[in-house]
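**Q** Please read through the structure below; I'll follow up with questions.
In this note's numbering, the protein residues as written are 2 to 128.
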């Protein structure tokens, strides 16, 4: 319900419509042309993956991402989340910031981020 990671950096990989919406909302974005400029350069793709915590991509762009960027985002565990034309970009990004991913390996105990220091005790309890 409350966003545990409000400072999480999310980048929009989008078509013209989503890039325009991201620009209006002040969200960082990359267009198809920007992705083509990377030219599957592993260092540049890795740098992009390290700079952002998560990615959202337009529905039409999802099949092209492995062709444009190679396996770099997938290896980093940051393959983009799908966003359709009908969905609001800001709500989708808030939804991603609210998600907590688990990665269980050999140790069967885990710590989970349920909030941040700036939240009130009621908000933390609610999460």
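C-beta atoms are modelled at their ideal positions from N, C-alpha and C, and glycine is treated no differently.
Quantities reported herein were computed from a predicted structural model and do not represent experimental measurements.
What number of angstroms, rounded off, separates the C-alpha of residue 121 from the C-alpha of residue 128?
**A** Start at 1 with the first residue of the chain shown, and residue 121 comes out as number 120. Start at 1 with the first residue of the chain shown, and residue 128 comes out as number 127. For residue 121 and residue 128, the distance between alpha carbons rounds to 11 angstroms.
**Q** Using a threshold of 8 angstroms, state whether the C-beta atoms of residue 54 and residue 9 are closer than that.
**A** Position 53 of the chain shown, counting from 1, holds the residue named residue 54. Position 8 of the chain shown, counting from 1, holds the residue named residue 9. A contact, by the Cβ cut-off of 8 angstroms.
**Q** Excluding five sequence neighbours on each side, which residues of the same chain lie with their C-beta closer than 7 angstroms to the C-beta of residue 36?
**A** Locating residue 36 in the chain shown gives position 35, counting from the first residue. Here the set comprises 14, 69 and 70.
**Q** Helix or strand or just coil, what does DSSP make of residue 26?
**A** Along the chain shown, one-based indexing puts residue 26 at 25. Correct three-state label for residue 26: helix.
**Q** Across the region 84 to 99 and the region 17 to 27, are there enough close Cβ pairs to call them in contact, namely three or more that are closer than 8 angstroms?
**A** yes
**Q** Between residue 97 and residue 57, is the Cβ-Cβ spacing less than 8 angstroms?
**A** One-based indexing of the chain shown puts residue 97 at position 96. One-based indexing of the chain shown puts residue 57 at position 56. The Cβ atoms of residue 97 and residue 57 sit closer than 8 angstroms to each other.
**Q** Where do the ends of the alpha helix (DSSP H) carrying residue 82 lie?
**A** In the chain shown, residue 82 corresponds to position 81, counting from 1. From DSSP, residue 82 is part of no alpha helix (DSSP H) but of the beta strand (DSSP E) over 82 to 84.
**Q** Give the secondary structure of residue 13 by DSSP, where H, G and I count as helix, E and B as strand, and everything else as coil.
**A** Residue numbering aside, residue 13 sits at position 12 when the chain shown is read from its first letter. Three-state result, residue 13: strand.
**Q** How far does the alpha helix (DSSP H) with residue 46 in it reach, from first residue to last?
**A** As a first step, residue 46 is located in the chain shown; it is residue number 45 there, counting from the start. Looking at the DSSP string, the run of the alpha helix (DSSP H) that includes residue 46 is 43 to 52.
**Q** CB residue 6 to CB residue 77, shorter than 8 angstroms?
**A** Counting from one through the chain shown, the residue named residue 6 turns up at place 5. Counting from one through the chain shown, the residue named residue 77 turns up at place 76. Their beta carbons are not under 8 angstroms apart, which means residue 6 does not touch residue 77 by this criterion.
**Q** Measuring alpha carbon to alpha carbon, tell me which residue in 60, 41 and 90 is nearest residue 25.
**A** In the chain shown, residue 25 corresponds to position 24, counting from 1. Looking from the CA of residue 25, the closest CA among 60, 41 and 90 belongs to 90.
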